Amino acid sequence: MTEALFLLALLLALLATWVGLYMTPRWIRRARVLRRLDPGATDTDDDAQFWLSRWARRLTESSLAREDYREIGEAFHVTGRSPERAQMLYLLFCWLVPALVIVAGFMVFGVLPGMLIAAAAFLVPRRTIRSLGHKAEQQQNLEAIELCHLTRMLMEAGLSLERVLRLIAVQGRPLLPALSVRLDRFNRLMESGAERSLALDELGENRNIPVLRSYVILMKQSSQVGAAVSQSLDQIIDEAQKMERHRISEQTNKIGAKMTVIMMAFMLPALFILIGGPAMVSIADSLSR
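First residue of the sequence shown? That's 131 in the working numbering, and the numbers climb one at a time after it.
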């Protein structure tokens, strides 16, 4: 009976994952298209008419999960997810799947292992999402260096900033896969008639991407003052490369410390056995006599 319940909970978890990752975005797009085709629809209608999306929005806006979702939502936003998709993924991976895993853990393994499984089910998804967001920030920070190179080259050719970022977003996507999502958002804002300063503020809103933020500040100053940006971009590139070399050296030192711990944990016992083993055998033989 317990095995059947465990398999049922596992199947429900897989079904929830499939619905959240593949079917829900299609349903949301379909509802959005149908609402736009409906002449009686108003702007106050919700984008996500789907019931699961309504639950996700209510959960993230409630006092129970508002603070928890704030950090998780920022991590999803860094990876390029829309707010609706971020709410759906938060509901799926941080609440629905852990709930199914907890029920299966208590039914199959008992109380004490079930409590450990419950703690892991709530902590592991959140730590994984935060880790993915942190890696995305590091990747975008590295890609911002290439963005500075491309911007300097194209602006020296006489192109405007809007034309430069539009060209980079279209043709530089293989070089800037993570940063191209932000560039697409900037281009959409500019095409909708937004001011350049507001679009640049939205582009560099994340303070954990220092190279991109310095790039945005420089572009705003150049648009207001009208100064050349080539030398300033070179300074940003040099400073970013110095910071990257410093980060790599720190990681190298950490790897050396980790290797020392591994050697102490695995090699020293083997050396003690190899060196002290014959002596221990001799002592044991002498005592046995």
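Even for Gly, the Cβ is constructed at its ideal location relative to N, Cα and C. Bear in mind that the values here come from a model prediction, so they are computed numbers and not experimental data.
query	result
Helix, strand or coil at M285 according to DSSP, with G and I counted as helix	helix
First and last residue of the uninterrupted alpha helix (DSSP H) at V208	R196 to V208
The alpha helix (DSSP H) enclosing S322, as first and last residue numbers	Segment: none, S322 is in no alpha helix (DSSP H) and carries neither H nor E.
Beta-carbon contacts of P243 that lie in its chain and below 6 Å, excluding the five residues immediately before and after	none
Cβ pair E292, R315 closer than 8 Å	no
For L309 and Q270, believed in contact at Cβ under 8 Å, the rounded distance	5 Å
V294 Cβ short of 7 Å to the ligand GDP heavy atom set	The ligand GDP is not among the ligands present in this structure, which contains no ligands whatsoever.
Alpha carbon of D175 to alpha carbon of W185, nearest angstrom	Unreliable positioning characterises D175 in this predicted model, as indicated by a pLDDT of 44, which lies under 50. The coordinate reading is nonetheless provided below. Going by the C-alpha atoms only, they are around 16 Å apart.
Range covered by the alpha helix (DSSP H) that runs through V238	V227 to F239
I366 beta carbon less than 8 Å from that of L348	yes
Beta-carbon spacing of N115, E267 below 8 Å	For the chain, the structure presents residues 131 to 419; residue 115 sits outside this window and is missing.
Sufficient close CB pairs (3 or more, under 8 Å) joining the region 254 to 263 to the region 278 to 287	no
Where A178 falls, given that 16 or more other Cβ within 10 Å makes a residue buried	The predicted position of A178 is uncertain, since its pLDDT is 42 and thus under 50; a value taken from the coordinates is nonetheless stated next. Buried, by the Cβ-count rule.
8 Å contact criterion, which G210 and V311 should meet: CB distance rounded	4 Å
Spatial distance of H376 from A299 (CA atoms)	29 Å
N- and C-terminal bounds of the alpha helix (DSSP H) containing R215	P213 to L221
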